[in-house]
Each structure stands twice: as structure tokens, then as C-alpha cells.
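> Take the sequence shown: its letters are residues 1 to 66, numbered as in full-length UniProt numbering. Sharing a structure below in C-alpha cells format, with a few things to ask.
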Amino acid sequence: MKKIIIEGMSCEHCKARVEKSLIELDGITAAIVDLDTKTATIEGDASEDAIRDAIDDAGYDVVSIS
């Protein structure tokens, strides 16, 4: 499980867009975004570069991945 801190999300549309971009990555089996904490929790196997690229392509910024 990885926790990602994301900047730029402000509404349910943002949440859905980030979740969709993450779940479409090869190897990701689950993605849950929490707007209150500005985080995404993912399960599965994807590289940090792929995760960053997917979120960036969706229009948001990754602060950290842990």
C-alpha cells in the first residue's frame, strides 16, 4: 500500500479524476482518494514514476509518495 499526498484537488470531480487515473495504471488494484487530507491510498504494483505521471496528466501535483 502506498500513500500519495496530492496538491490541487478541491471537489468530487477532482477526486474521481485522480482515482480513475490511478486505477487505470497497470498493476494498481485499488485507489481511494480522500479530499479532506488531500491523499490517495493505492494498492498494487506501479512505479513511482508511473504514479507521478498519471497524477500529473490528470492535472494535479504529487507532493510525496510513501
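Every residue, glycine too, gets a C-beta built ideally from N, C-alpha and C. Here the structure is a predicted model, which means the values were calculated and not measured.
State the DSSP-derived secondary structure class of residue 64, mapped to helix, strand or coil.
DSSP places residue 64 in strand when its eight states are reduced to three.
> Nearest by alpha-carbon distance to residue 47: which of 22, 60 and 34 is it?
22
> From this set, 10, 33, 11 and 8, which residue's C-alpha is nearest residue 20's C-alpha?
33
> Could you tell me whether the Cβ atoms of residue 30 and residue 42 are closer together than 8 Å?
yes
> In the DSSP assignment, find the alpha helix (DSSP H) that holds residue 50 and state where it starts and stops.
Secondary structure note for residue 50: its alpha helix (DSSP H) is the uninterrupted segment 48-58.
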